[in-house]
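Trainee:
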Amino acid sequence: MPELPEVETIRRQLEPEVRGRRITAARVLDERWSRPVPPAQVERAITGLRIEGVRRRGKYLILVLEGGRNLVMHLRMTGNLLLRPADVDPAHEDEALDLIEARRLGHPRLYESHPEARHLRALIELDDGSELWFTDVRRFGHGVVLDGEELDAYFAARLGVEPLDGGLTADELLRLAEGRAAPLKSFLMDQRGIAGIGNIYADEALFRAELHPLSPAGSMRREHCEALVEGIVGALEAGLANGGSSIDDYRDARGERGRMQEEFLVHTREGQECGRCGETIRRIVVGGRSTYFCPGCQVRLRRRPRRRRARART
DNA sequence: TTGGCGTCCTGGAGGC
DNA sequence: TGCCTCCAGGACGCCA
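Residue numbers for the first sequence follow the numbering used here, beginning at 377 and rising by one.
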């Protein structure tokens with residue numbers, strides 16, 4: 377599942393390749409991708425514009441276009457953004473002419489030469505002949521075009537602090553968690569608090585911090601917050617260093633698998649021995665999501681009584 | 001205001 | 001072999 381490390385890996389690969397390139401054509405093949413905005417409107421809004429950079433915010437990937445316009449994309453669960461260089465396939469030019477039409481008609485030979493085209497949802501052609509393919513098996517991913525102030529408002533309503541830019545401190549975490557009864561696992565996955573953490577890195581961060589996923593978020597003391605900040609940053613940086621994790625569908629911009637799944641400390645390791653204390657790693661469901669933890673060394677905190685507010689003196 | 005749950009969506013695994 | 005059911009999960013809407 378693309379979380380912060382996966383999206384950042386794609387961003388770092390795309391940035392040097394597409395910065396300065398001009399979008400010569402855009403095709404939205406699945407109306408769900410841009411819903412509720414009609415595909416043609418999105419295509420018109422970005423065609424002809426130069427790409428000034430590639431940014432990331434939480435799990436969102438942003439093509440920064442000239443004139444203050446932005447194409448904001450979210451990969452959700454099975455989305456991939458693939459960069460197909462112009463010289464990858466000498467025969468591609470002829471095939472590209474027919475790719476969209478062949479796909480529309482369900483041409484049987486199309487998927488032999490382009491298996492990823494089966495789930496192609498949007499396609500952006502660049503002026504050097506390269507293409508960006510947004511593919512997505514489960515069709516949860518989407519794209520939206522936003523201008524400057526709209527972009528700020530869009531993220532302000534959805535995303536909290538960025539964990540890797542120094543904004544996440546123990547004090548900030550303590551403030552975010554205060555009074556919250558939600559389990560730590562759910563708390564970490566709430567993008568309005570901390571942006572970019574999903575199911576995988578929430579498990580890994582809590583293991584590193586030695587905190588039980590069912591502990592109420594508001595039960596943390598300062599020392600727990602310090603450990604959790606360290607756990608979050610450590611887990612995300614490990615993901616980045618390994619090119620992200622590929623449990624199912626994730627591929628980077630070059631179509632390569634990540635290696636982080638080989639480095640998981642608890643996630644998907646049910647029944648295996650904990651590398652820290654030797655206890656058997658367990659799987660439970662928290663908030664409808666599979667959650668892996670070590671019952672031996674991840675401490676379950678008790679809910680702290682809410683501090684009484686001082687009565688206003690009259 | 002907060003937390004929990006259902007929904008969207010598809011491919012793969014497992015059961016019969 | 002073929003059909004059916006269940007499961008996976010990010011974000012969002014709805015309800016208690």
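By construction, the Cβ of each residue, glycine as well, lies at the ideal position given by its N, Cα and C atoms.
1) Quick one, are the C-beta atoms of Pro592 and Arg679 less than 9 Å apart?
2) Using CA coordinates, which residue listed in Asp503, Gln674, Asp547 and Arg420 is at the minimum distance from Cys653?
3) Between Arg556 and Cys601, what straight-line distance do the alpha-carbon atoms span, to the nearest angstrom?
4) My assumption, with CB atoms under 8 Å, is that Ile573 sits in contact with Leu564. Please give the rounded CB distance.
5) Which same chain residues, not among the five before or five after Gln648, have their C-beta less than 6 Å away from its C-beta?
6) Which partner residues does Glu507 have in the DSSP bridge list?
7) For Gly396, count the other beta carbons within 10 Å of its own beta carbon; 16 or more makes it buried, fewer makes it exposed. Which is it?
8) Using a threshold of 9 Å, state whether the C-beta atoms of Leu522 and Leu380 are closer than that.
9) With a threshold of 16 other CB atoms inside 10 Å of the CB of Arg687, please say whether the residue is buried or exposed.
10) Can you name the start and end residues of the alpha helix (DSSP H) that Met565 belongs to?
11) Under the three-state reduction of DSSP, which class applies to Gly455: helix, strand or coil?
12) How close, in whole Å, do the beta carbons of Phe583 and Leu641 come, if the pair is a contact with beta carbons under 8 Å?
Mentor: Per the coordinate set shown:
1) Within the first sequence, residue 592 is the residue found at index 216, counting from 1. Within the first sequence, residue 679 is the residue found at index 303, counting from 1. In this structure, Arg679 lies closer than 9 Å to Pro592 by Cβ.
2) Here the question's residue 653 lines up with position 277 in the first sequence. With distances taken between Cα atoms, Cys653 lies closest to Gln674.
3) Counting from 1 along the first sequence, the entry for residue 556 is found at position 180. Counting from 1 along the first sequence, the entry for residue 601 is found at position 225. Between Arg556 and Cys601, the C-alpha separation is close to 14 Å.
4) Translated into positions along the first sequence, residue 573 becomes position 197. Translated into positions along the first sequence, residue 564 becomes position 188. That pair is a contact at about 5 Å.
5) Taking the first residue of the first sequence as 1, we reach residue 648 at position 272. These residues qualify, in order along the chain: Ile657.
6) Mapped onto the first sequence, residue 507 falls at position 131. Glu507 is bridged to Arg460 and Glu501.
7) Sequence index remark: in the first sequence, residue 396 carries index 20 (1-based). Answer is exposed; the Cβ neighbour count stays below 16.
8) Along the first sequence, one-based indexing puts residue 522 at 146. Along the first sequence, one-based indexing puts residue 380 at 4. The answer is no: Cβ separation not under 9 Å.
9) Along the first sequence, read from residue 1 onward, the residue named residue 687 stands at position 311. For Arg687, the predicted structure reports a pLDDT of 36, less than 50, and the residue's modelled location is therefore unreliable. A value from the coordinates is still provided. Flag for Arg687 reads exposed.
10) Numbered from its first residue, the first sequence carries residue 565 at position 189. Note, Met565: alpha helix (DSSP H), Leu560 to Met565.
11) The residue given as residue 455 occupies position 79 in the first sequence. It is a strand residue.
12) In the first sequence, counting from the first residue as 1, residue 583 sits at position 207. In the first sequence, counting from the first residue as 1, residue 641 sits at position 265. Contact holds; Cβ gap of about 5 Å.
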